[in-house]
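Reading through the structure tokens given below for one structure.
6 protein chains.
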Amino acid sequence: MRESGREVNQLRNIDIITNFTKHAEGSVLITVGDTKVICNASVEDRVPPFMRGSGKGWITAEYAMLPRATETRNIRESSKGKVSGRTMEIQRLIGRSLRAVVDLDAIGERTIWIDCDVIQADGGTRTASITGAFVAMVLALGKLVEKDVLKELPIKDYLAAISVGVLPDGTEILDLEYVEDSIAHVDMNVVMTGKGEFVELQGTGEEATFTRNQLMTMLDLADKGLNEIFKIQEDAIQSYKDMLDIS
Amino acid sequence: MRESGREVNQLRNIDIITNFTKHAEGSVLITVGDTKVICNASVEDRVPPFMRGSGKGWITAEYAMLPRATETRNIRESSKGKVSGRTMEIQRLIGRSLRAVVDLDAIGERTIWIDCDVIQADGGTRTASITGAFVAMVLALGKLVEKDVLKELPIKDYLAAISVGVLPDGTEILDLEYVEDSIAHVDMNVVMTGKGEFVELQGTGEEATFTRNQLMTMLDLADKGLNEIFKIQEDAIQSYKDMLDIS
Amino acid sequence: MRESGREVNQLRNIDIITNFTKHAEGSVLITVGDTKVICNASVEDRVPPFMRGSGKGWITAEYAMLPRATETRNIRESSKGKVSGRTMEIQRLIGRSLRAVVDLDAIGERTIWIDCDVIQADGGTRTASITGAFVAMVLALGKLVEKDVLKELPIKDYLAAISVGVLPDGTEILDLEYVEDSIAHVDMNVVMTGKGEFVELQGTGEEATFTRNQLMTMLDLADKGLNEIFKIQEDAIQSYKDMLDIS
Amino acid sequence: MRESGREVNQLRNIDIITNFTKHAEGSVLITVGDTKVICNASVEDRVPPFMRGSGKGWITAEYAMLPRATETRNIRESSKGKVSGRTMEIQRLIGRSLRAVVDLDAIGERTIWIDCDVIQADGGTRTASITGAFVAMVLALGKLVEKDVLKELPIKDYLAAISVGVLPDGTEILDLEYVEDSIAHVDMNVVMTGKGEFVELQGTGEEATFTRNQLMTMLDLADKGLNEIFKIQEDAIQSYKDMLDIS
Amino acid sequence: MRESGREVNQLRNIDIITNFTKHAEGSVLITVGDTKVICNASVEDRVPPFMRGSGKGWITAEYAMLPRATETRNIRESSKGKVSGRTMEIQRLIGRSLRAVVDLDAIGERTIWIDCDVIQADGGTRTASITGAFVAMVLALGKLVEKDVLKELPIKDYLAAISVGVLPDGTEILDLEYVEDSIAHVDMNVVMTGKGEFVELQGTGEEATFTRNQLMTMLDLADKGLNEIFKIQEDAIQSYKDMLDIS
Amino acid sequence: MRESGREVNQLRNIDIITNFTKHAEGSVLITVGDTKVICNASVEDRVPPFMRGSGKGWITAEYAMLPRATETRNIRESSKGKVSGRTMEIQRLIGRSLRAVVDLDAIGERTIWIDCDVIQADGGTRTASITGAFVAMVLALGKLVEKDVLKELPIKDYLAAISVGVLPDGTEILDLEYVEDSIAHVDMNVVMTGKGEFVELQGTGEEATFTRNQLMTMLDLADKGLNEIFKIQEDAIQSYKDMLDIS
């Protein structure tokens, strides 16, 4: 039994509010337990220098935490004048994950900027960011379809992420909250498509190691959790659901 | 008549949600029309080097906008690696304003960090930040009283801010939203205490000038608006209102 | 009576030496008591990216202190690798102030760079900078008229600045020197045109507040001081005085 | 058949030269095909601030490429003034991996600095870095044992890393060189201990996805390759091999 | 004959104004032709970390140009956020030169900060800086003697610098002004003591080379010029001249 | 007699390995005693902005040390986020030196990037860098001749560098290793062409001075050493030696 009373294979409550802010083409507030992330998707009509003339689009992500999203206040990265390694790792992960399910040729020379700003953190901010960012991105691209800029939604499949891990006593668990994350021996983030294929798999032993059996159990947990999350995403993108015809 | 239908001396709807995030000692979401700012107050048990040994406390503020708080996306200041002049100006203003109504000796060698993060912008973000930050700070200091760390709330008076300005046709108006702000010839921010004394007065002609008469009219407008705002603040700090005995 | 023997409404000695350095189009050494600032105006034949194609000109300012302009040595901002918030605030103020009295359309796509370098500081460096910068700018633009690049001096009015404040005993005073500035409860910078209209008004209570009556008294003091300064500026720009026909 | 003539499960030639430079406590040049990395381990008699007083040691890594380690010259990160996200990701990975097999309590308040400098790159620089860094670290810690600073080698197991991936035609391969890496649909780095347990698993679909079956095949390939590498490491640490009694 | 009418072995007019600014312990304005540099010496009662506990003092220098010291405006190094290689080279040269004639043990754990700020440049700013800095340093150390902080002036000899060079026609000249410097094939800076010994010698062929004979001629020119400069320095430090008993 | 047993006018063993890395157009590992530097020359088909349209080429150098090239580990400059003054001085020196012997007009609008990376340091890293960089540059330009991009090798003469110095006992010595460099009173770097003309001469008294006689002795030592080095370079560039017809 987990401290929160959750089963080992039980997700926290997940809620996705769409159109959370008014300016962004796609805007979402995703809540996973006590973790809350604003995911905004912005469309820019050009691509970074290394892609100009390719005819292809690009998706890139930025991630940040409000200084007091956490138990103790963190120094603001703009004040420090540089972005931490952890932040860079996360924003590269979010961007790479989203690009895996989008037809970049179909969006033309446009950049989709994804901004994930954590306003409250309780573990799993990077996976919540990916899950929310997918919805924000669908909303932004859906608008381009409505405006006849794109013919159809250039999205190949659903995409979501969740964490799994191994507690000190060896129990494998799904969706770690902060107190669990801080003691876990193994922490793994799984990014998966609606069809159940992997996009990213990042497993880390924290001064510890894990066996292939433990890996298998964790992947089963992730699979179960992500299938529940895909349903929540499906509800959130409601009006664009039919465009997202994946078969 | 203003585009929004407001009278020249009419505030936008103002709403203050308290305890907006769970970790900060004081947390507020302030909404002024379409401007929304999260104001978090954090208490740290030490002061910056230049104040050590003084026995006095310190209050400092940081301000930022989410990249997509605005009509078009702004580059994140952490990515740029430096904070803009505008941001610095605003955070210095917020900190100075709050320090004017706090008894710094009474809070001892502690720092109150104020984080104002604009999640949606439609003009007046710096004044909304000050107004919201005051409430967040009262909540944080109130908790110190409840925990018997402080004997009484070390706050000398209410504090709020509002903008006033002069439209191209010469009309003085209260509480400029973005479309007004971008065309106004004069833009003035007034920071005032509950007793009606000034803490800060920053009036700027935008490639234009203003007369002393216009100044007087703007100050009258600000006075009217701020008195309405003090009531909203009073409601927001409800449980600590009695501690804030200003007479 | 003030420590220096000055009356409350008495300026320090002000002196403006023109053509102080040889390369700048306009160069001035302004002395206000013991405050000395070199103000150089440079003309560049292009504007910043955000103004290209507008047909309008731009005026921008930079401000710095020599490390030993002050009682104790300050770390050089180039060594620190970043400009302080105070510096940014001041250079934005100088630029904005000058733009208010210049016909930017008339100067065409040119940038006037104003460099204010404080070589000795004794309070009032930002107001001395504005007063001196105005003269340097007139000299630089005057040369463009002499070279037939511009038809006439694109300046709408004189511009100068002065500080006023309130001492701890409640006395309002004009033109604060450092010892007064460091104890004053209120510090206000007034930027005014020759016609007596405000361009900028920045009043700040230093852990203190001020009333509307005090504001009025301070504005009267500023008005008196600035009218004396306009005469000194008029003498300094001697050869261009007739071009600056303001009526 | 691969372009290089290698079998799908065949490693490139791997060579580890020890004592490559004279100053470092542990110094290794590791060659994996055309990839060459200098791995230096330095011992410092203190730990970073966040660990002081813990009695525990720390291991941290830095990674860089010579500008012309690659086909076209890269801008030096010291000239750019900041470290890229890719570099940060890699150095965090190396440090985390090594910490998993070291008894940090046993090394006391010391930091082992690992510097991995790629002098020639042909794919797999991060895995070669980990494999070489392990040997450099053993050499450095071995010296501490010889000097009686440590009683025994505080290392729990061998540690090495290798890449596996999936080519566009679906073939899973071991140890990708650059031409393979640049076209692969899936790229996975596996960090494993001598006992065959995972320390890190980072699998990434490059605008592609992978199934659980493909994951299993890749893990089998990695397992085979890493067991060959452990033998090469065992030879390299020759004199300390007996100290590294893992049973 | 040189464009300026000077002989090949003729210095420009050199003038040293002492006590140029009021706060610095030693302050000098040195004028060499049209080159003008403010040299301020500040005394700080501690040394940099690498010298703490050594009982010795330290001398360090910073050098900067006002943006418009030159024909066209340079970007301010504080705005660029970094100091150029040229600036670093010069400030290291100034510091090293001064340290050669000071008894660092005698000044105790104090740092003498030398700030050389070029307000107008016409060639030879680094040599003028050294020559002026020596005087400023003597004034600052002299004050410490007057205050009985030091027993005697801890200076071993006079120190000055001058440039020599070779024009495209092969003529060796003394004290290059900007128009000469920009065409010279060889540029050499000579830093010498009153006794005629070298402290620094930096000769550079600008896409050209020089022979040993040319070197000898240039050293003779430098020797002549520097002996004239020592006399000017002697006059400048008047009241401390007797302290500087060099025999 | 020197600690190493060398004569005062004896070089350390010098070895130049060509084609050390595979990607660079010219690649050299130079060994001078225990000092080892990788010198890579890269050809880029464009010049920096300030030279565009000039038809001329450019040569620029970057220099770095591996963190553990030295006795104690240095902080990596990319981690510090800025390049030290020492590094800048050295890379400017290398670039300037090489440009003196190259016909920049003949190479057309191309940049030759020279990267000198010190992998092991024992004194004389800057002079070894110049000597090695010359060979790497010849190899790179030689390839352009072989590919018929250039008609002939645009090199005017051999170029090499060596250090000379004065020990505390007054002995002048050639080619200082680290233990000598750290105690020497005078340290001079001499950059010379095959014809025996100077390109750079940088002599520095370390809290000491030197006479003209000492200078002469040091130049004689340098001359002797450099003539030996030119022979080693000649061997290293073997296949291009005939192209480098200097008469």
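Protein chains in written order, with my numbering: chain A, 207 to 453; chain B, 207 to 453; chain C, 207 to 453; chain D, 207 to 453; chain E, 207 to 453; chain F, 207 to 453. Using N, Cα and C, we set each Cβ at its ideal position, and we do this for glycine too.
Among the residues of its own chain, which have a CB less than 7 Å from the CB of residue i, if the five just before and after it don't count?
| i | result |
| --- | --- |
| S388/A | none |
| M422/D | none |
| S210/E | E383 |
| T241/B | Q326, A327, D328, G329, G330, T331 and A334 |
Identify, in the order they occur along the chain, each residue of the same chain with its Cβ nearer than 6 Å to the Cβ of residue i, setting aside the five sequence neighbours on each side.
| i | result |
| --- | --- |
| D303/B | The amino acid at residue 303/B is misidentified as Asp; the sequence shows Ser. Excluding residues within five positions, the ones whose Cβ falls inside 6 Å are I336, V397, V405 and E406. |
| E268/F | Q297 and D321 |
Pull up the distance between the alpha-carbon of residue i and that of residue j, whole angstroms please.
| i | j | result |
| --- | --- | --- |
| I318/A | A270/B | 22 Å |
| L299/F | K357/E | 42 Å |
| I236/A | Q439/A | 10 Å |
| N219/D | R332/D | 16 Å |
| D429/A | P255/F | 54 Å |
| M343/C | R316/C | 13 Å |
| Q444/B | A312/B | 22 Å |
| V351/A | A247/A | 15 Å |
| K353/F | L359/F | 12 Å |
| G402/E | T276/C | 37 Å |
| E413/E | G301/F | 11 Å |
| G291/E | S284/C | 13 Å |
| W264/B | M394/C | 23 Å |
| A306/F | G411/E | 7 Å |
| G400/E | T278/C | 32 Å |
| R252/A | K228/C | 46 Å |
| K437/C | D221/C | 11 Å |
| V243/F | I368/F | 14 Å |
| Q420/E | Y364/E | 26 Å |
Starting from residue i, trace the beta strand (DSSP E) in both directions and tell me its first and last residue.
| i | result |
| --- | --- |
| A247/A | T241 to E250 |
| T456/A | Outside the displayed range of chain A (207 to 453) lies residue 456/A, so it cannot be described from this structure. |
| S233/B | G232 to V238 |
Quick one: measure Cβ to Cβ for residue i and residue j, integer angstroms, because I've assumed they're closer than 8 Å.
| i | j | result |
| --- | --- | --- |
| T224/C | V341/C | 7 Å |
| L370/F | H391/F | Checking the displayed sequence, the identity of residue 370/F turns out to be Val instead of Leu. Their Cβ separation, rounded to whole angstroms, is 12 Å, which puts V370/F and H391/F out of contact at 8 Å. |
| D323/A | E383/A | Their Cβ separation, rounded to whole angstroms, is 20 Å, which puts D323/A and E383/A out of contact at 8 Å. |
| M424/D | E378/D | 5 Å |
| L217/C | E434/C | 6 Å |
Spatial neighbours of residue i within its chain, please: CB distance less than 8 Å, with the 5 preceding and 5 following residues excluded, ordered by chain position.
| i | result |
| --- | --- |
| P374/D | I389, A390 and H391 |
| L345/D | T224, N225, E231, G232, S233, V234, A247, I443 and Y446 |
| L427/E | V214, N215, V370, E378, I379 and L380 |
| T293/E | Y269, A270 and E283 |
| G287/B | none |
Task: alpha helix (DSSP H) segments (min. 4 residues) lying fully within the stretch 337-417 of chain D - done: Segments of the alpha helix (DSSP H) lying fully in the stretch 337-417 of chain D: 384-387.
Open item on the list: Could you tell me which whole beta strand (DSSP E) segments of length 3 or greater appear in the stretch 271-345 of chain C?
Closed with: 317-326
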